[in-house]
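*Asks:* Handing you a structure now.
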Amino acid sequence: MAERLFGTNGVRGVINKDMNVQLAMDLGKAIGTFMGGRVAIGNDSRTSATMIKSAVSAGVMCAGAEVLDLGLVPTPVVQHYVKNNGLSGGVMITASHNPPEFNGIKCVDADGTEMPRSKEEEIERLYFTKSFSSMDWRGVGGLRQASGAVDDYLASVKRLVDADAIRGAGLTVVLDCANGAGAVSTPKLLDDLNVRAITLNCNPQGTFPGHPSEPVESHLRDLIAMVKDTGADMGIAHDGDADRTIFVDDKGRYMYGDKSLAITAEAMVRENNGGIVVTPVSSSMAVEDVVRRAGGEIEYTRVGAPVVARRMIEVGAVFGGEENGGLIFPKHQYCRDGAMTVAKMLEIVAADGPLSKLVDRIPQYCQDKRKMECPDERKERVLSALVKYYASQRVDTTDGVKICYDDGWTLVRPSGTEPLFRVYSEARTPEDARKRSDDCEKVLGDLIG
Ligand code: MG
19 MAERLFGTNG VRGVINKDMN VQLAMDLGKA IGTFMGGRVA IGNDSRTSAT
69 MIKSAVSAGV MCAGAEVLDL GLVPTPVVQH YVKNNGLSGG VMITASHNPP
119 EFNGIKCVDA DGTEMPRSKE EEIERLYFTK SFSSMDWRGV GGLRQASGAV
169 DDYLASVKRL VDADAIRGAG LTVVLDCANG AGAVSTPKLL DDLNVRAITL
219 NCNPQGTFPG HPSEPVESHL RDLIAMVKDT GADMGIAHDG DADRTIFVDD
269 KGRYMYGDKS LAITAEAMVR ENNGGIVVTP VSSSMAVEDV VRRAGGEIEY
319 TRVGAPVVAR RMIEVGAVFG GEENGGLIFP KHQYCRDGAM TVAKMLEIVA
369 ADGPLSKLVD RIPQYCQDKR KMECPDERKE RVLSALVKYY ASQRVDTTDG
419 VKICYDDGWT LVRPSGTEPL FRVYSEARTP EDARKRSDDC EKVLGDLIG
C-alpha cells in the first residue's frame, strides 16, 4: 500500500513533533503543483497558525500558484470563498477539535467540498516522490490578503433563511466559540439578525483557555450555566474551526448532536415538501423517524462528512449531516457549515419554538457503546461470519455490519487504527440497548474465538 499522509480530517500532528514547517512547506509544494492557479488559505486561532500557514503558502508559491490569504476564518468560509470565486482550490490550517498543541492542513476542492480521497492520493504521491513543480524566478506565485470573505459568507447564509422572522422574534442566545475561528463570524451573524448575544470565549486565543475545543457536554458547563442564569432561548457552541455547531435548549439541557440533526432534518424535509436526507449508518434512528414523519426518505452512508456530502450531490438530497453537529445545507454548500446551522436553528425556533418543545418532540432512543478486541487480520472474516449469523434479520453492510430492528439497531465497525471492533446499540430503553450489545458481544466472542 502507498504511504499515507492524509487522515480522515487532513494531515494533523503535534507542532514541531509530527507537524513542522518542513512538512508544511513540502506539502504546500505538492498542493501548489496539483492545484495550480489561485489557492485560498485560511487558519483557525492556534498559536502555530501563522507558522504553518506561512510554510504552506511558501510551498504553494514555489510551485507557481497564487495564494489568497483569508486570515483567521472558519473552515466553511474558505470553502465558500473557493467555490464562489472560481479558485482552483483551498487550504485550511486547523486541527478542528484537537488540543492546542496540534495543528493540521486540510485541502478544499475547487467546488468547495472537502477534497476526495482520490485527489488526496495524488497530492500524497507528489509529496512522497518529491515531484514538485519548482518555478524559476519569473514563474513563482505571489500572495495577497483577501478581504470580505466572512461578509460574503454571512450574506449568503442570511439569504437562505427568513431573516425578517428571526429579527422580529426578539431572541436571546449565549454563544461559546471556544476561543476559535467562529469568533470572527457568528457574533456578527447574530448582530445582523437582531439576536441578543451573550458571549463566552469569543476572543480568539490559541491556547484555548476557556475549555478544550471539542463541544462535548463536559466542556460546556459555563455555557449551560449561563443559559440557565440568563433564561436565554438557546446556547450555541462551535468547535475550533466552526464547521460544527452544538446547541443547549432553553431549559439548559445539552443537546446531543442527533437532536439538532433530527430537528433540522425534519424542518428541511417540510420546507421542501419531501426529499432525501443523507446521514451515516451510525446516526440515531430518531433522525429516520422524523424524516419519515415529515414525508421524506433517509439514505445511509459510511461514516465521514465528505462521504455524506458526495452522496448528497449524487442523490440530490435536501439535507444531510452527522451527529457531531456537522450539518450540510445543499442550497448553501456541500460541507459542514457552522454559521448556516446557527441561522437555520434560529429560524426554526423563531417559527416554532421554544427549542425545548422541539427537542421533546424527537423520539427518544438510548445508546450503548462498547469496544471489543479483535486482531486486525481476523476482522474481515469475523464480519462476514456475523452477516451470515444474522441472515434471518435485515442487515446493512454499508459500513461494518448493522443489524436492524424495528426500534433500533446494533452496529459493529472495525476500528481503522486499533485492533478492535466498536459495538454500538440503540433501543427505546437503556436495558434493551445493553441487551442488544450483550447478545452481539456473545456472538462476536464466539466468532473471534
Ligand atoms: Mg471542525
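Sequential numbering from 19 applies to the sequence shown in the working numbering.
Just so you know, even glycine gets a beta-carbon here, dropped at the ideal spot from N, CA and C.
Values in this document were obtained by computation on a predicted structure and should not be read as measured data.
1) Looking at the secondary structure, which residues open and close the alpha helix (DSSP H) in which MET252 lies?
2) Spell out the partners DSSP gives MET390 in its beta bridges.
3) CB of ASP257 to nearest heavy atom of ligand 1: below 6 Å?
4) Does DSSP classify PHE265 as helix, strand or coil?
5) Between the segment 290-299 and the segment 254-270, are three or more C-beta pairs nearer than 8 Å?
6) Just to confirm before moving on: does the CB-CB distance between ARG354 and GLY338 stay below 7 Å?
7) Closer than 6 Å to a non-hydrogen atom of ligand 1 - does that hold for the CB of SER114?
8) Mind reading off the beta-carbon distance from VAL360 to ILE254? Whole number of angstroms is fine, and I expect it under 8 Å.
9) In whole angstroms, give me the CA-to-CA distance for VAL91 and GLY122.
10) Could you tell me the alpha carbon to alpha carbon distance between GLY371 and MET252, rounded to whole angstroms?
11) Mark SER149 as exposed unless 16 or more other C-beta atoms lie within 10 angstroms of its C-beta, in which case mark it buried.
12) To the nearest whole angstrom, what separates the beta carbons of ILE466 and CYS392, a pair I think is in contact under 8 Å?
13) Please find out if some non-hydrogen atom of ligand 1 comes closer than 6 Å to the beta-carbon of ASP62.
14) Given the structure, does ASP194 come close to ligand 1, in the sense that its CB is under 6 Å from one of the ligand's heavy atoms?
15) Say yes only if the C-beta of ASP261 is nearer than 6 Å to one or more non-hydrogen atoms of ligand 1, and no if none qualify.
16) Does the beta-carbon of PRO448 have 16 or more other beta-carbons within 10 angstroms, so that it is buried, or is it exposed?
17) Do ALA167 and TYR99 have their C-beta atoms within less than 7 Å of each other?
18) Check whether the Cβ atoms of ILE70 and ALA42 sit closer than 7 Å, and answer yes or no.
19) Can you have a look at SER152 and say buried or exposed, based on whether 16 or more other CB atoms are within 10 angstroms of its CB?
20) Beta carbon of LYS389, beta carbon of ARG452: below 7 Å?
21) Provide the residue(s) that pair with ASN121 in DSSP beta bridges, ordered along the chain.
22) Counting only the same chain and skipping the five closest in sequence on each side, list residues whose C-beta sits under 6 Å from that of PRO432.
23) Buried or exposed: which applies to ASP169, given that a residue is buried once 16 or more other Cβ atoms fall within 10 Å of its Cβ?
24) Return yes when the Cβ of GLY314 is within less than 7 Å of the Cβ of VAL296, no when it is not.
25) By how many angstroms is the C-alpha of ARG454 removed from the C-alpha of LYS460?
26) Return the CA-CA distance between PRO470 and MET330, expressed in angstroms with no decimal places.
27) If I measure Cβ to Cβ from PHE24 and keep anything under 7 Å in the same chain, skipping five residues before and after, which residues do I get?
28) Compare the Cα-Cα distances from PHE52 to each of PRO437, SER66, HIS115 and MET133 and report the closest residue.
29) Leaving out five residues before and five after GLU365 in sequence, what residues of the same chain have Cβ atoms less than 7 Å from its Cβ?
30) What is the C-beta distance between VAL377 and ASP267, in whole angstroms, given that I count them as a contact (C-beta under 8 Å)?
31) Could you round the C-beta distance between VAL405 and THR415 to whole angstroms and report it? I think they count as a contact, below 8 Å.
32) Please report how far the alpha carbon of SER8 lies from the alpha carbon of ILE49, in whole angstroms.
33) In three-state DSSP terms, what is MET19?
34) So what's GLY275 in DSSP terms, helix, strand or just coil?
*Replies:* The structure says:
1) Translated into positions along the sequence shown, residue 252 becomes position 234. For MET252, there is no enclosing alpha helix (DSSP H); the residue is found in the beta strand (DSSP E) stretching over 252-256.
2) Here the question's residue 390 lines up with position 372 in the sequence shown. DSSP output for MET390 lists PHE439 as bridge partner(s).
3) Locating residue 257 in the sequence shown gives position 239, where the first residue counts as 1. Yes - ligand 1 has a heavy atom lying nearer than 6 Å to the Cβ of ASP257.
4) Position 247 of the sequence shown, counted from the start, is the residue given in the question as residue 265. DSSP places PHE265 in strand when its eight states are reduced to three.
5) By the Cβ criterion, the segment 290-299 is not in contact with the segment 254-270, since fewer than three pairs of Cβ atoms, one from each stretch, lie closer than 8 Å.
6) In the sequence shown, the residue the question calls residue 354 occupies position 336. In the sequence shown, the residue the question calls residue 338 occupies position 320. Contact flag unset, no.
7) Position 96 of the sequence shown, counted from the first residue, corresponds to residue 114. Yes, the Cβ of SER114 comes within 6 Å of a heavy atom of ligand 1.
8) Taking the sequence shown and counting its residues from 1, one reaches residue 360 at position 342. Taking the sequence shown and counting its residues from 1, one reaches residue 254 at position 236. Indeed they touch by this definition, with Cβ atoms about 6 Å apart.
9) On the sequence shown, position 73 is the one that residue 91 refers to. On the sequence shown, position 104 is the one that residue 122 refers to. Between VAL91 and GLY122, the C-alpha separation is close to 15 Å.
10) Taking the sequence shown and counting its residues from 1, the one referred to as residue 371 is at position 353. Taking the sequence shown and counting its residues from 1, the one referred to as residue 252 is at position 234. So the alpha carbons of these two residues sit roughly 10 Å apart.
11) What you label residue 149 is simply residue 131 of the sequence shown in a count that begins at 1. Looking at its Cβ environment, which holds fewer than 16 other Cβ atoms inside 10 Å, SER149 is exposed.
12) Numbered from its first residue, the sequence shown carries residue 466 at position 448. Numbered from its first residue, the sequence shown carries residue 392 at position 374. Contact between ILE466 and CYS392 is confirmed by a C-beta separation of about 5 Å, below the 8 Å threshold.
13) What you label residue 62 is simply residue 44 of the sequence shown in a count that begins at 1. Between ligand 1 and the CB of ASP62, the shortest heavy atom gap is not smaller than 6 Å.
14) Taking the sequence shown and counting its residues from 1, the one referred to as residue 194 is at position 176. Incorrect: ASP194 has no Cβ contact closer than 6 Å to ligand 1.
15) Indexing the sequence shown from 1 puts residue 261 at position 243. Short note on ASP261: C-beta closer than 6 Å to some heavy atom of ligand 1.
16) Taking the sequence shown and counting its residues from 1, the one referred to as residue 448 is at position 430. Exposed, because fewer than 16 other Cβ atoms sit within 10 Å of the Cβ of PRO448.
17) On the sequence shown, residue 167 is found 149 positions in, with the first residue counted as 1. On the sequence shown, residue 99 is found 81 positions in, with the first residue counted as 1. ALA167 is a Cβ neighbour of TYR99, given a cutoff of 7 Å.
18) To locate residue 70, count along the sequence shown from 1; it is residue 52. To locate residue 42, count along the sequence shown from 1; it is residue 24. Yes, they are a contact pair.
19) One-based indexing of the sequence shown puts residue 152 at position 134. SER152 is exposed by the Cβ-count criterion.
20) The sequence position of residue 389 within the sequence shown is 371, counting from 1. The sequence position of residue 452 within the sequence shown is 434, counting from 1. In this structure, ARG452 does not lie closer than 7 Å to LYS389 by Cβ.
21) Position 103 of the sequence shown, counted from the first residue, corresponds to residue 121. For ASN121, DSSP records a beta bridge to GLY31.
22) Your numbering for residue 432 matches position 414 in the sequence shown. Same-chain partners within the cutoff: LYS397 and PHE439.
23) The residue labelled residue 169 in the question sits at position 151 within the sequence shown. The residue in question, ASP169, is exposed, as its Cβ has fewer than 16 Cβ neighbours within 10 Å.
24) Numbered from 1 along the sequence shown, position 278 holds the residue referred to as residue 296. Numbered from 1 along the sequence shown, position 296 holds the residue referred to as residue 314. With a cutoff of 7 Å on beta-carbon distance, VAL296 and GLY314 are scored as not near each other.
25) The residue you call residue 460 lines up with position 442 of the sequence shown. The residue you call residue 454 lines up with position 436 of the sequence shown. LYS460 and ARG454: Cα-Cα distance of roughly 10 Å.
26) What the structure shows of the chain is the stretch from 19 to 467, and residue 470 is not part of that stretch, so it cannot be assessed.
27) Counting from 1 along the sequence shown, the entry for residue 24 is found at position 6. So the qualifying residues of the chain are GLU138 and GLU142.
28) To locate residue 52, count along the sequence shown from 1; it is residue 34. The residue among PRO437, SER66, HIS115 and MET133 with its C-alpha nearest the C-alpha of PHE52 is MET133.
29) As a working note, residue 365 is residue 347 in the sequence shown. Excluding sequence neighbours, GLU365 sits near VAL179, ASP180, ALA183 and ILE184.
30) Here residue 377 corresponds to residue number 359 of the sequence shown, with the count starting at 1. Here residue 267 corresponds to residue number 249 of the sequence shown, with the count starting at 1. Correct: roughly 5 Å between the Cβ atoms.
31) Here residue 405 refers to the residue found at position 387 of the sequence shown. Here residue 415 refers to the residue found at position 397 of the sequence shown. About 6 Å separates the Cβ atoms of VAL405 and THR415, confirming a contact at the 8 Å cut-off.
32) Since the first and last residues shown for the chain are 19 and 467, residue 8 lies out of range.
33) Residue mapping note: residue 19 aligns to position 1 of the sequence shown, counting from 1. Interpretation of MET19 is limited by its pLDDT of 45, a score under 50 that renders its predicted location unreliable; the figure taken from the coordinates is listed afterwards. Looking at MET19 - three-state DSSP - the assignment turns out to be coil, as it is neither helix nor strand.
34) As a working note, residue 275 is residue 257 in the sequence shown. Helix at GLY275.
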